[in-house]
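What follows is a short report on a single structure.
Residue numbers (full-length UniProt numbering): 1 to 192.
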């Protein structure tokens, strides 16, 4: 689903790199699009001072929801398919197919970033949700900044937040240590 300057939604097949001329916003999954349509028809207009404000708020919330669904269904899911091999199945290595899918998730995220933040020009809960999965995928895949310039710039912006160290870096370090220790344990048990 996409929005033109008229704010009337239209549906089209989204490619990860292109959008039709005049399109200013894209929802990347059907759940976000359905929620937008429901909110547009069910949310009473008295919640906002004017119709334009109401539509902007609803569109913004739909974009946030869409980004949150993207994080949980694409980024986190692909991260989990990789880490489950180490944590649950106690394998020494993550299968190449899983790593490829995880890298595809990062490519989709790079294409989705159209502004300074995930949903426009200001920080939202979508940024805070996505940063944990993106940085953990970076830890695992070691992508280059040249291949993902928008993503790396976005991570740098998020890393400047005063609470970033507390809410993300400690967990990221722990995840890295866990992956290393599980990888080491798996290689010991396979050699015995």
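Think of the CB as a built atom: it goes at the ideal place given N, C-alpha and C, for glycine as much as any other residue.
- Counting of Cβ neighbours within 10 angstroms places residue 105 among the buried residues, the total reaching 16 or more.
- Taking 3 residues as the minimum length, the UniProt domain "GST C-terminal" (57-182) contains no beta strand (DSSP E) run wholly inside it.
- Counting the other Cβ atoms within 10 Å of the Cβ of residue 178 gives fewer than 16, which makes it exposed.
- By the Cβ rule, the segment 107-127 counts as touching the segment 68-85, because three or more pairs are nearer than 8 Å.
- Of the other Cβ atoms in all chains shown, fewer than 16 fall within 10 Å of the Cβ of residue 163; this residue is therefore exposed.
- Three or more beta-carbon pairs separated by less than 8 Å link the segment 92-102 to the segment 132-141, which places the two stretches in contact.
- Contact between the segment 124-133 and the segment 154-173 is present: three or more C-beta pairs spanning the two stretches fall below 8 Å.
- Separation of residue 119 and residue 173 (C-alpha to C-alpha, rounded to the nearest whole angstrom) is 27 Å.
- Contact between residue 137 and residue 75 is confirmed by a C-beta separation of about 7 Å, below the 8 Å threshold.
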